[in-house]
Amino acid sequence: MSFEKAKADLEEKGLGDHVIVLNESSATVAEAAHALGVEPASIAKTLSVLQGEKPVLIVTEGTAKLDNHKYKSLFHIKAKMIPYDEVEAYVGHAPGGVCPFGVNEGVAVYLDESLRKFDTVYPAAGNGHTAVKLTLQELEAAAGAEGWVDVCKEPEGE
């Protein structure tokens, strides 16, 4: 059902033809990169956090990690990941398919600055066998993002 919600949302925004259904798993960044033949960093990973009881999605480049200090400085609250078994209830998509498309009412979406180094990124589309090929401009429009934030750190050695 999650995939159908995400696909319908993307079709409504004129991007349904950008959805890629894969035979291989795309549930993790590494699996998605392998299945799509792209570098892991170009996978648009969606992190699910709670701000009090409010679910928030932060879309980052695939290899970035949440920087707790930056996050707290911006949102004035400690980052708290949504427990794995509660993600679908809060967001509308299960882990492995979490994306900013077709999410539950009231879920805020932010795009992290780490994505800006790419022209094209590949977020999931509601399940662990899908992706969407989008330019940053398309992602920004389709995600209905509240805006851009800088809450991640690059992986060590980069």
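Quick note on numbering: the sequence shown equals residues 62 to 219 in our numbering. From the three backbone atoms N, C-alpha and C, an ideal C-beta is built for every residue, glycine too.
Item                                                                                                                                                                        : Value
Identify which residue in V152, S134, E207 has its Cα closest to the Cα of M142.                                                                                            : V152
Leaving aside the five residues before and after G77 along the sequence, list all residues of the same chain whose C-beta is less than 7 Å from its C-beta, in chain order. : K68, L71
Please look up how many angstroms separate the CB atoms of P161 and P184, rounded, as I've assumed it's under 8 Å.                                                          : 7 Å
Quick one: Cα of G205 to Cα of K178, how far?                                                                                                                               : 20 Å
Which residues in the same chain as G158 place their Cβ atom closer than 6 Å to its Cβ, once the five residues preceding and following it in sequence are excluded?         : S63, A185, G187, N188, G189
Could you tell me the alpha carbon to alpha carbon distance between H137 and H130, rounded to whole angstroms?                                                              : 10 Å
Suppose the cutoff is 8 Å on Cβ atoms and the five residues either side in sequence are ignored; what does the same chain contact list for S103 look like?                  : A94, E122, G123, F179, T181, V182, Y183
What first and last residue would you give for the alpha helix (DSSP H) that runs through L76?                                                                              : Note, L76: premise wrong, no alpha helix (DSSP H); not H, not E.
To which residues of the same chain is E219 closer than 7 Å at the C-beta, ignoring the five residues directly before and after it?                                         : Here the model assigns E219 a pLDDT of 47, short of 50, so the residue's position is not dependable, and the following value carries that caveat. If we look at E219 and ignore the five residues flanking it on each side, it has no Cβ neighbours.
Which residues in the same chain as L83 place their Cβ atom closer than 6 Å to its Cβ, once the five residues preceding and following it in sequence are excluded?          : A96, H190
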